[in-house]
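All remarks here apply to the structure that follows.
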Ligand SMILES: CC(C)(COP(=O)(O)OP(=O)(O)OC[C@H]1O[C@@H](n2cnc3c(N)ncnc32)[C@H](O)[C@@H]1OP(=O)(O)O)[C@@H](O)C(=O)NCCC(=O)NCCS
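In the working numbering, the protein residues as written are 116 to 290.
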């Protein structure tokens, strides 16, 4: 249901915690008015967060169309920044609000990224992920990405290596 309302009923254990309930959200393009929420999620998610200016600049780039997951009350649950250039997509940034993780938002965002990249004419999508970020790696594998290489010391803040993941985008992914 691309771009529409997604509902996921989730009841189970993750990291020893019982999580449950019904999470409703829809996916839409990011707007300038979202930036306070986006920057707050970014700061809660990364050791070296993107600045507000970086997100604002992305709103103006012709090859970028950042988008968000928003709940019915208007709260931003997560977002993606992905560039589509010369037939290739690069997923640069994805995060979900810590209070809403483990409930399907990240997976919906990655699937929407692939769909939008296909629609933009990209045939491959690439990303880097920290070697220690197992949640994200599991998510990417679940969405069809495969490990294709490594960049030693890529993250200058911690010196951590980056794993490179890639996925082919097939015509059916764009529908
Ligand atoms: C990575 C991130 C985006 C995942 O978002 P999320 O909404 O929690 O993910 P989902 O609930 O949609 O989970 C989808 C799949 O991801 C994997 N996953 C998510 N959280 C996981 C966890 N804590 N442990 C293991 N696997 C996990 C699972 O395969 C899961 O599928 P399942 O529910 O069928 O098991 C989120 O943890 C996040 O924002 N992290 C901080 C920012 C970040 O690391 N971004 C990626 C940078 S490369």
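Cβ atoms here follow ideal geometry from the backbone N, Cα and C, with glycine treated the same way.
Contact between residue 164 and residue 272 is absent: CB atoms are separated by about 10 Å, not below the 8 Å threshold.
Comparing C-alpha distances from residue 268 to each of 243, 282, 256 shows the shortest one belongs to 243. Between residue 223 and residue 184, the gap from beta carbon to beta carbon is short of 8 Å. Beta-bridge partners assigned by DSSP to residue 194: 183, 210.
With respect to the C-alpha of residue 264, the residue from 257, 246, 253, 235 having the closest C-alpha is 246. When 216, 197, 252 are compared, the shortest CA-CA separation from residue 144 is found for 197. The C-alpha of residue 172 is placed about 27 Å away from the C-alpha of residue 187.
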